[in-house]
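S.K.: In the numbering used here, the protein residues as written are -9 to 86.
Yeah, the Cβ is synthetic: ideal placement off N, Cα and C, and Gly gets one too.
Quick caveat, the model's predicted, so the values are computed rather than measured.
1) Beta-carbon within less than 6 Å of residue -4's beta-carbon, same chain only, minus the 5 sequence neighbours each way: which residues are those?
2) Under three-state DSSP, which class holds residue 69?
3) Starting from the Cα of residue 0, find the closest Cα among 30, 64, 59 and give me that residue.
4) Note down, in chain order, each residue of its chain lying with its Cβ closer than 6 Å to the Cβ of residue 58, except the 5 sequence neighbours on either side.
5) Give the straight-line distance between the Cα atoms of residue 23 and residue 51, rounded to the nearest whole angstrom.
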């Protein structure tokens, strides 16, 4: 079983800076994440930065978790996947 959280903001914003990405890296490191920053060119030529643990486009961590923040002038997108755990969600919810 695995939980996924996704949030996005589709509003125009200033171009993301390496300093902003580094601030995210610093915050995530405080809670045990091991993030990296990757530059990305999006559709339409918009430049973006992706802060991700594990490194962007390499899959998930060994426990199945993933934390990823994509920053561009068009949107901010956050995806968080929990570690995988054994269990049947329907059965777990029925017992609560």
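M.R.: Let's see:
1) Your numbering for residue -4 matches position 6 in the chain shown. If we look at residue -4 and ignore the five residues flanking it on each side, its Cβ neighbours are 69.
2) Residue numbering aside, residue 69 sits at position 79 when the chain shown is read from its first letter. Residue 69 falls in the strand class under three-state DSSP.
3) For the purposes of this step, residue 0 is identified with residue 10 of the chain shown, where counting begins at 1. Nearest C-alpha to residue 0: 64.
4) Stepping through the chain shown from its first residue, residue 58 is reached at position 68. Answer for residue 58: 42, 69, listed in chain order.
5) Here residue 23 is taken as the residue at index 33 of the chain shown, counted from 1. Here residue 51 is taken as the residue at index 61 of the chain shown, counted from 1. Taking the straight line joining both Cα atoms gives about 10 Å.
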